[in-house]
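S.K.: Under the UniProt record's numbering, residues 1 to 420 are what the sequence shown spells out, in order. Yeah, the Cβ is synthetic: ideal placement off N, Cα and C, and Gly gets one too. Since this is a predicted model, take the numbers as computed values, not measurements. Once you've had a glance at the structure underneath, I'll fire off some questions.
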Amino acid sequence: MLSVATYIPQLARADPNTFATSVCTVDGQRRSWGDALKPFCLQSVSKPFTYALVHEELGPEELHSHVGQEPSGRLFNDISLDHNKKPHNPLINAGAIVVASLMKRRASLSDRFDFVSVCKAIHQMRRFCGVGYVGFNNAVFLSERETADRNYALSYYMREHKVFPKDTNLQDTLDLYFQLCSIETNCDTLAVMAATLANGGVNPMNGERVINNRACRDTLSLMYSCGMYDWSGQFAFRVGLPAKSGVAGDMIMVIPNVMGIAIYSPRLDSLGNTYRGLKFAEALIEKFNFHNYDSLVYSDCQKMDPRKAVAEIGQDNTSRFLYAAKNGDISAIKRYLLMGMDIHDRDYDDRTALHVAASEGQLECLNYVLSKWKESPEPQDKFQRTPLDDAKHFDHRECVELLQKAIARWKASQEQSTPK
Numbered sequence: 001m002l003s004v005a006t007y008i009p010q011l012a013r014a015d016p017n018t019f020a021t022s023v024c025t026v027d028g029q030r031r032s033w034g035d036a037l038k039p040f041c042l043q044s045v046s047k048p049f050t051y052a053l054v055h056e057e058l059g060p061e062e063l064h065s066h067v068g069q070e071p072s073g074r075l076f077n078d079i080s081l082d083h084n085k086k087p088h089n090p091l092i093n094a095g096a097i098v099v100a101s102l103m104k105r106r107a108s109l110s111d112r113f114d115f116v117s118v119c120k121a122i123h124q125m126r127r128f129c130g131v132g133y134v135g136f137n138n139a140v141f142l143s144e145r146e147t148a149d150r151n152y153a154l155s156y157y158m159r160e161h162k163v164f165p166k167d168t169n170l171q172d173t174l175d176l177y178f179q180l181c182s183i184e185t186n187c188d189t190l191a192v193m194a195a196t197l198a199n200g201g202v203n204p205m206n207g208e209r210v211i212n213n214r215a216c217r218d219t220l221s222l223m224y225s226c227g228m229y230d231w232s233g234q235f236a237f238r239v240g241l242p243a244k245s246g247v248a249g250d251m252i253m254v255i256p257n258v259m260g261i262a263i264y265s266p267r268l269d270s271l272g273n274t275y276r277g278l279k280f281a282e283a284l285i286e287k288f289n290f291h292n293y294d295s296l297v298y299s300d301c302q303k304m305d306p307r308k309a310v311a312e313i314g315q316d317n318t319s320r321f322l323y324a325a326k327n328g329d330i331s332a333i334k335r336y337l338l339m340g341m342d343i344h345d346r347d348y349d350d351r352t353a354l355h356v357a358a359s360e361g362q363l364e365c366l367n368y369v370l371s372k373w374k375e376s377p378e379p380q381d382k383f384q385r386t387p388l389d390d391a392k393h394f395d396h397r398e399c400v401e402l403l404q405k406a407i408a409r410w411k412a413s414q415e416q417s418t419p420k
């Protein structure tokens, strides 16, 4: 049964028919569809950004002395710890609460108190987007705090097991956690935040380095393995991209070094993920070769690679084909022909596989290419040189003889086919 989140009263009022998608590339190109300017709260989508900021401040060793890196295999709000008595990862409630307790841990008490205010938290989140709307929904914050029995139970359970740093104020920590979840944005802005993660921690709109490369890499690793609640394993298998969803119906996907994608649709599946967001992600991977393990070299499907222009894709295939001819790799040539390559394709100098094989003295390869050749074996490149000219120039005598015989056969066949 698909429905909006109901355990937080403010979220239960969302329009289930709202749908928006936004894209921001690492070079700052942007496009949005649907209700992309409609505001919503980040909820759990705030967790990877919070983790990244604390990682930047404390480093991975200190941070992960308090929280693990493993998928929990349990509900996102389950009252449990791993075998080291730590939350399983920073993207479930227990882990995110601990991460909130570590924010500005090295600052003075007065500075930390100043940071645990919604204005400073919003400022930190705004660095990921640079431009666009980032605000705060006080009604959602109060609603979260009034219905937070589970999170309070989690926190007291963790305090019993000494998970938090010393002198942690539990109420302040939970208030900061609720504030981070109640930060408000829209799909258009969230795509830029996701693109900052895709761009190695550098905001693509203003060039500001928000987090270092290691913090960005570790954030994406956790999103890949733990970002989609109990569907994380299935999402990694089917879609193969770092992602994070929230119960408000928001979701981000990161295609490293390419772009960030934000989706908003409040209608959730039984695991708390946006239903339309999941379907969009699966359709995207069916159309484009963005899956982490899609082969970019020997693909056996017709997926598109939008990272390349159509002409560039053809040039790459031709270059690989001629490189195989240069090396006399007949097996590779056969593979390319099975993939639909035209044996008569030419490079930027109008050279064919015949030119290359003849120049390199690859006799067996030249013989194989000639056996498949359906045109005159005397094609000219842009310098008016034929394969026979190249074979003579580099003194490959056997290639010269082979080409001369092929030319003689071609001329004889042309004479026979000419009506008298």
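1. So what does DSSP say about I343, is it helix, strand or coil?
2. Contact between the segment 217 to 231 and the segment 25 to 39 is defined here as three or more beta-carbon pairs at a separation below 8 Å; is this criterion met?
3. Sorted by chain position, which residues of the same chain lie with C-beta nearer than 6 Å to N289's C-beta, five sequence neighbours on each side aside?
4. What runs of the beta strand (DSSP E), each 3 residues or longer, lie entirely inside the segment 170 to 200?
5. So residue 426 and L268 are in contact, right, with Cβ under 8 Å, and what is the actual spacing, rounded?
6. Does the distance from the C-beta atom of P39 to that of G130 stay below 9 Å?
7. Measure from the alpha carbon of R397 to the alpha carbon of each residue in K374, Q362, R320 and A96, then state which is nearest.
8. For N84 and S101, what's the separation of their Cα atoms in angstroms?
9. Pick from D349, R30 and T6: whose alpha carbon is nearest that of V258?
10. What would DSSP say about I263, mapped onto helix, strand or coil?
11. Could you work out which residue in N213, V192 and R214 is closest to N206 when comparing CA atoms only?
12. Locate the beta strand (DSSP E) running through S22, then write down its first and last residues.
13. Anyone know if the C-beta pair for A14 and A248 falls short of 9 Å?
14. Under a CB-based cut-off of 9 Å, is A324 close to chain B?
15. Which of helix, strand or coil does DSSP assign to residue 425?
16. Pick out the complete alpha helix (DSSP H) segments inside the segment 89 to 165, 4 residues or longer, and give them in chain order.
17. Considering only residues of the same chain and omitting the five flanking positions on each side of R209, which have a CB-CB separation below 7 Å?
18. Let me know the secondary structure DSSP gives G28 once reduced to three states.
19. From what residue to what residue does the alpha helix (DSSP H) around V400 run?
20. Consult DSSP for D209 and reduce its assignment to one of helix, strand or coil.
21. Counting C-beta neighbours from all protein chains within 10 Å, is the total for P60 16 or more, i.e. buried, or is it exposed?
22. Look at T21 and F280 and say whether their C-beta atoms are less than 9 Å apart.
23. Kindly indicate the opening and closing residues of the alpha helix (DSSP H) around D389.
24. Between which two residues does the beta strand (DSSP E) containing V254 stretch?
25. Could you give the DSSP three-state label for M304: helix, strand or coil?
26. DSSP three-state label for V369, please.
27. Between I183 and A121, which are expected to be in contact by the criterion C-beta below 8 Å, what is the C-beta distance as a whole number of angstroms?
28. Any idea which residues DSSP pairs S3 with across the strands?
29. In whole angstroms, what is the alpha-carbon distance linking D349 and I252?
M.R.: Let's see:
1. Within the sequence shown, residue 343 is the residue found at index 343, counting from 1. I343 carries a coil assignment under DSSP once its states are collapsed to helix, strand and coil.
2. No: the two stretches stay apart, fewer than three of their Cβ pairs being nearer than 8 Å.
3. Locating residue 289 in the sequence shown gives position 289, counting from the first residue. Excluding sequence neighbours, N289 sits near K303 and D305.
4. You should have 183 to 185.
5. The requested residue 426 is not part of the displayed model; the chain covers only 1 to 420.
6. Sequence index remark: in the sequence shown, residue 39 carries index 39 (1-based). Sequence index remark: in the sequence shown, residue 130 carries index 130 (1-based). G130 sits away from P39, with the two beta carbons spaced by 9 Å or more.
7. Within the sequence shown, the letter at position 397 stands for residue 397. When the alpha-carbon of R397 is set against those of K374, Q362, R320 and A96, the nearest one is in Q362.
8. In the sequence shown, counting from the first residue as 1, residue 84 sits at position 84. In the sequence shown, counting from the first residue as 1, residue 101 sits at position 101. Computed Cα separation, rounded: 19 Å.
9. Position 258 of the sequence shown, counting from 1, holds the residue named residue 258. The shortest C-alpha separation from V258 is found at R30.
10. As a first step, residue 263 must be located in the sequence shown, where it is residue number 263. Three-state result, I263: strand.
11. Residue mapping note: residue 206 aligns to position 206 of the sequence shown, counting from 1. Closest option to N206, Cα to Cα, is V192.
12. Here residue 22 refers to the residue found at position 22 of the sequence shown. Run containing S22: A20 to T25, per the beta strand (DSSP E) assignment.
13. Position 14 of the sequence shown, counted from the start, is the residue given in the question as residue 14. Position 248 of the sequence shown, counted from the start, is the residue given in the question as residue 248. Going by C-beta atoms, A14 is nearer than 9 Å to A248.
14. Looking for chain B here will not work: only one protein chain is present.
15. The structure shown does not extend to residue 425, since the chain is modelled only from 1 to 420, so the question has no answer here.
16. Runs of the alpha helix (DSSP H) lying entirely within the segment 89 to 165, each at least 4 residues long, are 93 to 101, 109 to 115, 118 to 129, 138 to 146 and 149 to 160 in chain order.
17. On the sequence shown, position 209 is the one that residue 209 refers to. Around R209: G201 and V202.
18. In the sequence shown, the residue the question calls residue 28 occupies position 28. In the three-state DSSP reduction, G28 falls in the coil class, being neither helix nor strand.
19. Here residue 400 refers to the residue found at position 400 of the sequence shown. Segment R397 to S417, the alpha helix (DSSP H) holding V400.
20. Here the question's residue 209 lines up with position 209 in the sequence shown. Per the sequence shown, residue 209 should be read as Arg rather than Asp. The answer is strand: DSSP assigns R209 an E or B state.
21. Locating residue 60 in the sequence shown gives position 60, where the first residue counts as 1. Per the 10 Å Cβ criterion, exposed.
22. For the purposes of this step, residue 21 is taken as the residue at position 21 of the sequence shown. For the purposes of this step, residue 280 is taken as the residue at position 280 of the sequence shown. Yes, the pair counts as a contact, with Cβ atoms nearer than the cut-off.
23. Taking the first residue of the sequence shown as position 1, residue 389 is located at position 389. In the DSSP annotation of this structure, the continuous segment of the alpha helix (DSSP H) that includes D389 starts and ends at P387 to H393.
24. Numbered from 1 along the sequence shown, position 254 holds the residue referred to as residue 254. Where V254 is concerned, the enclosing beta strand (DSSP E) stretches over D250 to I255.
25. Taking the first residue of the sequence shown as 1, we reach residue 304 at position 304. Residue state, collapsed to three classes: strand.
26. As a working mapping, residue 369 is identified with position 369 in the sequence shown. V369 falls in the helix class under three-state DSSP.
27. The count along the sequence shown starts at 1 and reaches residue 183 at position 183. The count along the sequence shown starts at 1 and reaches residue 121 at position 121. Between A121 and I183 the Cβ distance is about 7 Å, and since that is below 8 Å, they are a contact.
28. As a working note, residue 3 is residue 3 in the sequence shown. In the DSSP assignment, S3 forms a beta bridge with L268.
29. Along the sequence shown, read from residue 1 onward, the residue named residue 349 stands at position 349. Along the sequence shown, read from residue 1 onward, the residue named residue 252 stands at position 252. Roughly 44 Å between the two C-alpha positions.
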